[in-house]
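Peer 1: Going down the list, the sequences are from chains A and B.
Numbering-wise, the UniProt record's numbering puts 20 at position 20 of the first sequence, and it's gapless, one number per residue.
Numbering-wise, the UniProt record's numbering puts 311 at position 311 of the second sequence, and it's gapless, one number per residue.
Would you mind keeping the following structure in view while I ask a few things?
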Amino acid sequence: MPDSPAPSSPAPAPPAAGAPAGRPPVSVMRSIVRDHRRQLPWILLGSFAVEAIDMAVPILMGLVIDAGIVHRSLSITILGALGIVALRLVSTFSWAAMFRASQRARMYQRHRLRVAVTGAVLDPRSNTVDRPAGEILSIATSDADKASDVMDMLPWAVPAGAAVLAASIWLAILDPWLGLATLIGIVVMVLVVRVITPALSARYDAQQSKAADAAATATDLVHGLRVLQGLGVQSRARAQYRRRSRSALDAALVNARFSGVSSGLTTLVTAVMMAAVVIIAAQRALIGELTLGTLIAVVGVARSNMGMLQGLSGLPVWWASMSTSARRVRDLLADLGRTIDDPELSIAHLRSARDDRGEGGAPVGRRPGTGGLRISGSPGTALEGAEIAVADGSILAIACADGADAEEVLDAVRTSSTGLARADVLLEPHVVDLFDGSLRTQLATRAPAGRALDGSDDSWADAALHAAGAEDLLRILPEGYDTRILDRGANLSGGQRQRIALARAVASDAPVLVLHDPTTAVDAVTEQRIAEALTAARSEDDRATLLITRAPALLRQADQVVFVAGGEIAASGTHQDLMEREDYREMVRR
Amino acid sequence: MSTQTTAPAAGRTIYGIDWERSTEDVLGEDATALRQLDEHAQILPVATVGASFAHVARRLLDLWPMTLATLLVVTGGAAAAAWMPRLIGGAVVIVEHHGSAADVWRQGGMIVLAGALQAVLSALGWALVSSLGQRILAGMREEVIDRALDLPVQTMEITGIGDALSRVADDVDITARAVNNVVPNLIQMGFYVLMTLIGMATLSPWLLILLVVVVPMYAAAAVWYLRRTAPIYRRERVAMGARAQGLLSAIQGIPTVHAYGIERRETRHVSVLSEVAVVLGMRVMVLVTRMVKILAIPENISIALVLVLGYAMVHVGGASIGTVTAASLYLISLIWPMMNLIFSLDDVQSAAASLTRMVGVIESIDPAASPGDEIPADGSISLRGVSHAYGAAEDAKGTGAAPERIILQPIDLEVAPGETIALVGASGAGKSTLASILAGTLTPRYGQVLHGGADLARADLEAVRRHSSIVSQDVHVFRGTLAEDLRLARPEASEDELWGALERVDAASWVRRLPKALEIEVGEKGERLTAEQSQQLALARVVLQDPAILVLDEATADEGSSGARVLERAALEVAAGRTTVIVAHRLSQASTADRILVMADGRVVEEGPHAELVARGGVYAGLWSAWSGESS
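What follows is the structure in structure tokens.
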């Protein structure tokens with residue numbers, strides 16, 4: 001089992017941007033089609049039958065009118081009608097089977113692409129990518145959906161195209177002029193579409209970006225609502241949104257005009273082409289070269305043909321948006337250093353795979369001590385050449401006068417902890433992230449197995465909250481441990497969030513626990529309480545704790561403090577000892 | 001694998017997914033997902049479908065000239081389209097009666113004419129419907145934002161902003177897409193179907209028999225379909241929302257996800273929600289196939305009938321073959337629009353759902369209005385008998401409601417203009433509540449709050465908002481350029497004034513170093529600013545807004561290893577000359593205040609200047625000695 005290195009936000013050695021080593025990018029579209037290579041022939045066969053029958057219906061109706069009504073035969077009329085109905089029933093049922101199969105494939109592909117992207121993005125072994133979260137979300141949702149539409153398009157577009165072709169050939173056989181008129185109709189339609197579509201999609205893109213801009217402003221204002229209300233500038237924010245909304249409206253109105261023109265032009269082409277077919281066919285019928293029934297059939301086929309063509313004319317745009325989406329999925333996966341066909345990104349694998357907790361899959365009970373953590377500084381950093389040991393049973397603090405030094409210390413801790421199993425170290429990030437779930441679920445994020453999650457025994461959670469000075473939360477939250485904590489702790493204050501994160505870290509009972517500035521969002525009174533309770537909770541013989549902090553309350557509780565100043569270790573000792581130093585005193589008093 | 005809870009039943013499982021499993025089964029042990037999908041209660045109000053259509057109808061009436069023009073044009077376009085089968089039938093009549101070649105050419109000319117008319121009217125109609133829809137939508141989205149901006153922060157704290165966000169963004173987007181494509185198409189199709197039916201009925205009374213049989217069947221099929229799909233769509237929407245949120249929070253929380261080694265758990269969470277969404281989506285598709293099968297009945301009946309009735313029309317009623325041709329063309333050209341109408345039902349359904357959510361916000365939340373016209377005279381604050389509580393009030397009748405929880409005990413307080421007071425106390429002592437009440441952003445349940453002598457319950461809204469500001473720990477940099485962000489506080493500020501404000505909060509130097517200085521893009525997609533820089537911007541906004549009262553609610557608190565001092569200096573600089581309330585985390589901030597209020601359990605337990613409180617040897621003195629480490 002590959003033991004992945006402790007992850008870090010700035011990757012220790014990021015690979016050259018855009019050039020993930022190893023696997024070449026795999027076409028997502030091709031992967032989708034390959035996935036369904038066994039079903040596709042059947043689906044296509046079914047839809048060929050459907051389109052053929054649909055095209056044949058007007059012809060048959062013409063023939064029945066001719067043989068039945070014109071030639072006055074009630075039995076032929078009735079039999080013909082029944083025959084058409086029977087054929088259409090065959091068409092309907094094969095369509096239903098085909099549609100079900102192709103839609104199922106499409107839904108499955110949406111799910112597969114989405115899960116693969118999610119798995120790849122969250123996997124610590126993937127490369128880190130610097131893309132906004134919103135963009136990744138839209139790739140995993142709307143692009144995954146659009147790329148999968150290929151399973152919707154293929155079964156319809158290919159047979160429909162073939163039906164149009166076959167109908168045109170039939171018309172050409174009946175009369176070369178009819179064939180020519182149809183050909184001209186198709187060419188003009190394609191030309192119109194080719195000319196209009198780019199102009200139209202440019203307009204549409206412009207409209208979309210204006211609308212997206214307005215929507216982004218709206219979400220941004222709601223996100224910053226507290227700040228806006230705090231400042232009392234709601235009316236100005238309103239004016240700002242109104243400006244964006246109006247400019248989106250202007251773009252939408254232009255787009256509406258263009259869409260109207262495009263719809264009008266295709267209508268016009270259809271009408272002219274119909275007129276041509278009617279004139280040619282009627283002239284031939286007048287001189288008796290076509291029967292009345294064939295005339296009716298020709299007119300009916302021409303009409304269906306133009307309808308289908310109009311539908312097919314949307315194809316290029318659809319295809320373009322589909323392949324763009326497929327490319328976006330492929331590129332994101334490539335940036336992550338993964339491919340869509342990676343078996344580790346398959347649904348089956350991700351559904352059953354469990355998080356690494358050291359032994360096999362399931363979470364295990366209390367993990368034994370690791371003998372502590374040894375931190376060795378890399379050259380050129382604040383800890384160059386130094387060896388700092390956080391022994392089992394001890395609480396060590398590193399106090400950095402400068403924020404940049406603290407980052408270097410954190411990097412050193414990350415690199416040094418790679419020697420330990422991932423399940424043995426917990427480096428709680430300073431920036432708090434909470435995920436949707438009850439307070440109990442929050443605390444149990446990495447709790448050892450055996451902790452009751454049903455509320456039958458919350459003593460472990462009580463202990464964790466106590467260590468984080470957060471017992472007051474139980475009084476404040478309406479449903480205690482069962483209170484839902486929203487994503488990112490949206491329903492909590494900064495101090496509450498930070499203390500829940502701290503309690504979550506304590507509840508993990510990690511053999512090595514590293515905390516980075518865990519009490520910056522809490523007040524002096526609470527900080528003092530936390531310092532005492534936290535160190536008491538971690539004082540076990542086989543537990544090592546490292547605090548990276550400048551808070552005097554925490555520093556006082558540490559067994560030993562390493563003081564980093566001016567880019568190097570300036571001193572170490574107990575807090576009381578170090579308080580003799582002027583620079584140290586200056587730092588902790590802030 | 002032993003962890004697989006349910007062995008997939010053979011037959012229903014295709015591609016490893018059991019497409020007929022209930023959503024609860026799919027979610028399995030993911031309690032969070034279960035709870036997310038079970039969230040029946042909409043947090044913000046939702047209007048009924050009827051109320052929503054009434055709302056849209058009102059807006060259509062407001063734009064009545066355009067609405068009328070649209071109606072006329074669309075009807076005309078549909079009539080021109082419905083004329084076409086008749087003209088073609090006319091050509092058949094010419095052949096039937098052995099007319100001349102010139103007659104055929106004339107008929108061809110008529111077809112082109114009708115086509116041109118139809119083309120022009122449909123172009124115009126499309127544009128009109130779409131712009132009418134866009135105008136109405138623009139009006140609605142602006143009102144939704146108006147209401148959202150006035151939502152009390154307290155509501156947001158309880159519910160989270162997810163629902164509000166989806167109203168102002170997703171719902172607007174879904175409706176806009178519908179207005180772009182589906183709605184113009186649908187309306188034109190609808191009128192076309194109507195005109196065709198009229199055309200058929202006027203063509204021959206025989207065809208009325210057909211219409212009477214077939215039209216109710218279509219209507220019944222549509223009702224059958226909508227009834228079944230509506231609840232599925234609702235669930236699917238909730239699942240998609242939860243899926244997006246789960247993915248977003250996992251991506252944003254990647255450092256935590258990796259630190260805790262929960263990447264598989266989070267992937268699985270997104271995966272089950274995604275599976276629920278596709279299983280539900282597939283369920284809709286199955287309903288579509290069923291409906292198409294149902295629709296095959298009226299379609300086939302009408303095809304058979306048109307032939308049999310055609311026989312009767314010609315040989316009993318003495319109609320021409322051309323009439324039968326026209327009738328069958330009507331029929332063929334009707335099947336496709338009907339299908340089209342029915343296939344766009346889901347877009348319509350989802351747009352209608354979004355509409356009810358938007359109208360719900362507009363009609364149920366009252367816009368903020370000034371409670372009176374009192375104007376604050378100076379920077380003083382007085383609290384008279386103010387207290388605050390959550391939960392049901394004592395006089396509430398409902399017995400089942402949660403009991404009232406007092407979080408601020410009755411307090412009287414006078415703050416002089418220009419005075420600085422500091423609030424000190426443990427978490428949950430009521431500091432932030434008192435600070436919000438002092439700032440005027442939270443209305444206390446009992447008592448009176450006066451700003452500069454004006455009672456906030458009878459004051460002018462805009463005047464009060466301009467008069468006091470609160471800066472909290474939550475920082476937010478608005479998207480757009482840095483200058484735009486600052487100008488939120490004072491739109492007319494000159495560039496010099498912006499620099500002046502940045503100078504005062506000590507931010508000018510780093511802003512100058514940015515590639516485009518004031519014109520740099522910031523916010524979500526722009527330059528990422530550090531927490532410290534963002535907070536400096538917040539303070540610079542205060543300088544520009546220039547309120548008489550400033551409340552700093554732990555504004556300089558969440559500052560890890562650097563910059564605390566910079567921020568503290570900036571805060572002091574901004575506070576100079578204003579009435580200032582500081583919720584202090586660090587006692588160094590409190591020590592410089594004119595007066596310190598020490599709070600515990602919702603009440604003030606000690607009050608006085610720093611030196612006096614230290615000398616008194618009470619709670620504050622204990623805190624101070626612990627914090628400063630002078631004696632332990």
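Every residue, glycine too, gets a C-beta built ideally from N, C-alpha and C.
Can you check which of these residues, A:Asp130, A:Val150, A:Leu292, is closest to Glu524 of chain B by C-alpha distance?
Peer 2: Among A:Asp130, A:Val150, A:Leu292, the Cα nearest to that of Glu524 of chain B belongs to A:Asp130.
Peer 1: By the three-class DSSP mapping on this structure, what secondary structure does Gly573 of chain A have?
Peer 2: It is a strand residue.
Peer 1: Using a Cβ cut-off of 9 Å, which residues of the stretch 152–181 of chain A contact any Cβ in chain B, in chain order?
Peer 2: From the stretch 152–181 of chain A, no residue has a Cβ closer than 9 Å to chain B.
Peer 1: List the DSSP bridge partners of Glu377 of chain A.
Peer 2: Residue 377 of chain A is actually Gly in this sequence, not Glu. Answer by DSSP bridge pairing, in chain order: A:Glu384.
Peer 1: Please confirm whether Gln560 of chain A and Gly573 of chain A have their CB atoms less than 8 Å apart.
Peer 2: A contact, by the Cβ cut-off of 8 Å.
Peer 1: Got a sec: which bits of the stretch 569–587 of chain B sit with their beta carbon under 9 Å from any beta carbon on chain A, in order along the chain?
Peer 2: Those would be Val583, Ala584, His585, Arg586, Leu587, in chain order.
Peer 1: Touching or not, the stretch 486–493 of chain A and the stretch 425–442 of chain A, by the rule of three or more beta carbon pairs under 8 Å?
Peer 2: The stretch 486–493 of chain A is in contact with the stretch 425–442 of chain A.
Peer 1: Comparing alpha-carbon positions, which option in B:Ile406, B:Gly418, B:Val415 lies nearest Thr433 of chain B?
Peer 2: It is B:Ile406 whose Cα lies nearest to the Cα of Thr433 of chain B.
Peer 1: Reducing DSSP to helix, strand and coil, say where Phe435 of chain A ends up.
Peer 2: Of the three classes helix, strand and coil, the one that applies to Phe435 of chain A here is coil, per DSSP.
Peer 1: List the residues of chain A whose Cβ lies closer than 7 Å to the Cβ of Gly253 of chain B, in chain order.
Peer 2: Going along chain A in sequence order, the residues near Gly253 of chain B (Cβ under 7 Å) are Asp433, Phe435.
Peer 1: Reducing DSSP to helix, strand and coil, say where Leu477 of chain A ends up.
Peer 2: Three-state result, Leu477 of chain A: coil.
Peer 1: Strictly under 8 Å for the Cβ-Cβ distance: is Glu359 of chain A near chain B by that measure?
Peer 2: Caution applies to Glu359 of chain A, whose pLDDT of 47 falls short of 50 and renders its modelled position unreliable; the value that the coordinates give is listed next. Answer no: the Cβ-Cβ gap between Glu359 of chain A and chain B never drops below 8 Å.
Peer 1: Determine, using beta carbons only, whether Ala116 of chain B comes closer than 8 Å to chain A.
Peer 2: Chain A contact via Cβ: present.
Peer 1: Under three-state DSSP, which class holds Glu606 of chain B?
Peer 2: Strand.
Peer 1: With 8 Å set as the bound, which would you pick, yes or no: does the beta-carbon of Gly370 of chain B sit closer than that to a beta-carbon of chain A?
Peer 2: Note on identity: in this sequence residue 370 of chain B is Ser, with Gly being the wrong assignment. No, Ser370 of chain B lies away from the interface with chain A (no Cβ there is under 8 Å from its Cβ).
Peer 1: Between the stretch 407–422 of chain B and the stretch 377–391 of chain B, are three or more C-beta pairs nearer than 8 Å?
Peer 2: These segments touch.
Peer 1: Taking DSSP as the reference, what is the three-state secondary structure of Val477 of chain B?
Peer 2: Note: Val477 of chain B maps to coil in three-state DSSP.
Peer 1: By the three-class DSSP mapping on this structure, what secondary structure does Met285 of chain B have?
Peer 2: Three-state result, Met285 of chain B: helix.
Peer 1: How about Ile84 of chain A: is its C-beta nearer than 8 Å to some C-beta of chain B?
Peer 2: Yes, contact with chain B.
Peer 1: Can you tell me whether DSSP reads Met66 of chain B as helix, strand or coil?
Peer 2: The answer is helix: DSSP assigns Met66 of chain B an H, G or I state.
Peer 1: On the criterion of 16 or more Cβ atoms from any shown chain inside 10 Å, does Ser494 of chain B qualify as buried, or is it exposed?
Peer 2: Classification for Ser494 of chain B: exposed.
Peer 1: Would DSSP call Ser100 of chain B helix, strand or coil?
Peer 2: Correct three-state label for Ser100 of chain B: coil.
Peer 1: Nearest CA to the CA of Gln134 of chain B: which residue from B:Leu60, B:Ala81, B:Gly16?
Peer 2: Checked all of B:Leu60, B:Ala81, B:Gly16; the closest Cα to Gln134 of chain B is B:Leu60.
Peer 1: When you compare the CB of Val112 of chain B with every CB in chain A, is at least one pair closer than 8 Å?
Peer 2: Yes - at least one Cβ of chain A is within 8 Å of the one on Val112 of chain B.
Peer 1: Evaluate contact between the stretch 261–277 of chain B and the stretch 314–321 of chain B, counting only Cβ atoms and requiring at least three cross-stretch pairs below 8 Å.
Peer 2: Contact fails: fewer than three Cβ-Cβ distances are below 8 Å.
Peer 1: Rounded to a whole number of angstroms, what is the C-alpha to C-alpha distance between Leu413 of chain B and Leu550 of chain B?
Peer 2: Cα-Cα distance, rounded: 16 Å.
Peer 1: Against chain A, does Trp627 of chain B count as a neighbour if the rule is that its beta carbon must be under 8 Å from one of theirs?
Peer 2: Yes, Trp627 of chain B lies at the interface with chain A (some Cβ there is under 8 Å from its Cβ).
Peer 1: Given this structure, state the Cα-to-Cα distance separating Ser328 of chain B from Met273 of chain A, to the nearest angstrom.
Peer 2: Cα to Cα, Ser328 of chain B sits roughly 20 Å from Met273 of chain A.
Peer 1: According to the neighbour-count rule (16 or more other Cβ atoms, all chains shown, within 10 Å of its Cβ), is Met1 of chain B buried or exposed?
Peer 2: Any reading at Met1 of chain B needs caution, since the residue's pLDDT is 36, under 50, leaving its predicted position unreliable; the model's value is listed next. Answer is exposed; the Cβ neighbour count stays below 16.
Peer 1: Let's test the definition: count the other Cβ atoms within 10 Å of the Cβ of Ala212 of chain A and tell me whether it reaches 16, buried, or not, exposed.
Peer 2: Exposed, since its Cβ has fewer than 16 Cβ neighbours within 10 Å.
Peer 1: Is it buried or exposed for Gly566 of chain A, if we count other Cβ within 10 angstroms and need 16 for buried?
Peer 2: When all chains shown are included, Gly566 of chain A counts as exposed.
Peer 1: By alpha-carbon positions, which one of A:Val158, A:Leu231, A:Ser201 ends up nearest to Leu544 of chain B?
Peer 2: With distances taken between Cα atoms, Leu544 of chain B lies closest to A:Leu231.
Peer 1: For residue 635 of chain B, go through chain A and note every residue whose CB falls closer than 7 Å to its CB, in chain order.
Peer 2: Because residue 635 of chain B is not part of the residues shown, which for chain B are 1 to 632, the question remains open.
Peer 1: On the DSSP bridge list, what partners appear for Gln448 of chain B?
Peer 2: Looking at the DSSP assignment, Gln448 of chain B forms a beta bridge with B:Arg384.
Peer 1: Under 8 Å, do Val117 of chain A and Leu268 of chain A count as touching if we go by C-beta distance?
Peer 2: Not closer than 8 Å, so no.
Peer 1: Give me whichever residues DSSP pairs with Gln560 of chain A in a beta bridge.
Peer 2: Answer is A:Leu396.
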